[in-house]
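Residue numbers (the working numbering), protein chains in the order written: chain L, 199 to 413; chain G, 199 to 413.
Number of protein chains: 2
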Amino acid sequence: MAYRPTELTEARRRATRTGILKAAHDQVAEAGYASADVKTVAARAGVATGTVYRHFESKSALFAEVFREAAQRELDMVAAVAAWPDRTVAERIAAGTETFARRALNAPVLAYALLVEPVDPVVEAERLRFRHGHHLGFASLLDEGVASGELEPMDTAVVGAALVGALAEALVGPLSPSFNGNSRRPHEALVASLVQFALNAIHKEDADVPEHAHA
Amino acid sequence: MAYRPTELTEARRRATRTGILKAAHDQVAEAGYASADVKTVAARAGVATGTVYRHFESKSALFAEVFREAAQRELDMVAAVAAWPDRTVAERIAAGTETFARRALNAPVLAYALLVEPVDPVVEAERLRFRHGHHLGFASLLDEGVASGELEPMDTAVVGAALVGALAEALVGPLSPSFNGNSRRPHEALVASLVQFALNAIHKEDADVPEHAHA
DNA sequence: GCAACAGCTGAATCGTGGTTCACTTCATTC
DNA sequence: GAATGAAGTGAACCACGATTCAGCTGTTGC
């Protein structure tokens, strides 16, 4: 007898898998989920279509993973700024809102795919988790604010969800296929409007939001 | 020669067409877009599948019309309460919000389909128009409020969109497949939270919203 | 070198629904 | 009641894209 998988071959296998994930992600980020059929992704990764199935159960499973990872990155970015130490809850909500909006505007096709593009049911389930993650992020900030007395009592779960929905909806227009560019000034105004909206919604005067550079 | 379409035959034709529309609508309202294949709809309307194609270009065209009509009904209902005469803009925003939310909660499967369920691209375009219609409805109320001085200046288009998104997102959880019932008390609390949210968002103290019965 | 085996290949296959169309039914006119 | 044509029928058809699999390639251990 002879042969046993070795470090090298396992590394290659991993690399192939990663390459497929990246190709799938890039395809979605560039042209949306609708454009991401298995053949296209495989070609982009430089492998045969069959290879995709040696690494993933199904197309759904592949894209569920793609969505999960991309979504997690977004959640992490927002969570990072929302953790801003020694700041009021209002400031952190503003920062989270701003990051959410800026990142969406900077990667509109991906954001559109993550937030609203029609996808298959398995991937849709992943999206729901993603949105729910954002709800929770905002809700826990709000809980903190209510607990400390900074904010009025409220149903923080509902308000968290509403904030996420507000951002997503207001961004979808600008994210939409047709909407090309106008790429700097209008973005600033939109971001400012959304931050203001969020602060109003949580019942806080704006107290002029500081400038910073999450993006 | 002999034969000419007559009033009677045209009426029948119209009735068939209407029956198909109704069957398609009811199917979506009962079990969602995903369940609404042509065979099912035809059976429900009591006609053969081929008949569907004598009345509609394609499945997309049929469901685009179904969505258009259902969406228009929703828009009309909200517009009706938002036209409440001799009321402040804030009161009318509150009323519109309440109607939007209550109607969605009373017809959750339909609302889910209209608002977020994955659909084909042609139908998705119809959904965008629907959401845009709601944006405009809220935005024009806000314009009025800003013009009269009742509200602070704001980007009414953005705030209109954000309000619609907030409502949709906060409702999707309760609308979701899994979420069964709890059908009265929780609804009231949710509606109240959303109205409060909307009033905060437009920067108005609540001034205790009056009770009424749009649904 | 060669046996053993994993990973890769990509054309062929398969499933799912939308769509078609040759035929049937039925109302209409003379 | 026979000719005419529109409306309706539903089994067959077809497009599309996910999935499979028989063979091929490259690596490993002796």
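Backbone N, C-alpha and C define an ideal beta-carbon position, used for all residues, glycine too.
Nonlocal neighbours in the same chain, by C-beta distance under 6 Å from residue i, ignoring five residues either side
i	result
A337(G)	T354, A355, G358
R202(L)	none
A331(L)	First, the amino acid is wrong: residue 331(L) is Gly here, not Ala. Closer than 6 Å at the Cβ level, and outside the excluded window around G331(L), lie L273.
V344(G)	P351
V317(G)	Y231
L313(L)	A366
L326(G)	none
G217(G)	A243
F165(G)	Residue 165(G) lies beyond the range of chain G shown here (199 to 413); nothing can be said about it.
Beta carbon proximity, residue i to chain G, threshold 8 Å
i	result
A411(L)	At A411(L), the pLDDT of 48 sits below 50, so the modelled position is not reliable; the number obtained from the coordinates is stated separately. Answer no: the Cβ-Cβ gap between A411(L) and chain G never drops below 8 Å.
E219(L)	For clarity, residue 219(L) is Leu in the given sequence; the question names Glu instead. Output row for L219(L): interface = no.
E322(L)	yes
H385(L)	no
H401(L)	yes
S391(L)	yes
L388(L)	yes
G347(L)	no
V287(L)	no
Cβ of residue i within 8 Å of any chain L Cβ
i	result
E228(G)	no
S256(G)	no
F198(G)	This structure cannot settle anything about residue 198(G), because the visible part of chain G is limited to 199 through 413.
D353(G)	yes
G371(G)	yes
V317(G)	yes
Same chain only: Cβ atoms within 7 Å of residue i, ignoring 5 sequence neighbours per side
i	result
A240(L)	A246, T247, T249, V250
A396(G)	I291, A292, T295, L361
D341(L)	T354
K257(L)	V236
V279(G)	A293, G294, T297, H412
A221(L)	V239, R242, A243
V389(G)	E296, A299, R300
R266(G)	E324
A277(G)	G335
R329(L)	V362
M275(G)	T297, R301
T286(L)	E348
A227(L)	A305, V307, L308
Assigned exposure category for residue i - 16 Cβ within 10 Å defines buried
i	result
L308(L)	buried
A281(L)	exposed
L349(G)	buried
P306(L)	buried
R210(G)	exposed
A368(G)	buried
G347(L)	exposed
R215(L)	buried
A262(G)	buried
R271(L)	exposed
E208(G)	exposed
A213(L)	exposed
A200(L)	exposed
L206(G)	exposed
E289(L)	buried
8 Å Cβ shell around residue i - same chain, five flanking residues per side excluded
i	result
Q225(G)	S233, A234, T238, V239, R242
L334(G)	G358
A364(G)	L392, F395, A396, A399
V321(L)	Y231, S258, F261, A262, F265
L219(G)	L260, E263, V264, E267
E315(G)	G230, Y231, A232
H401(G)	L349, E350, M352
Near the ligand MG: residue i beta-carbon under 7 Å from a heavy atom
i	result
V279(G)	Ligands displayed in this structure: none; no statement on the ligand MG is therefore possible.
Requested in this report: Can you give me, in chain order, the residues of the segment 303-315 of chain G that have a beta carbon less than 7 Å from any beta carbon in chain L?
Outcome: Residues are counted here when their Cβ sits less than 7 Å from a Cβ of chain L; for the segment 303-315 of chain G the count is zero.
Query - Residues in the segment 356-367 of chain G having any Cβ partner in chain L nearer than 8 Å - result: Result list: V356, V357, A359, A360, L361, V362, G363, A364, L365, A366, E367.
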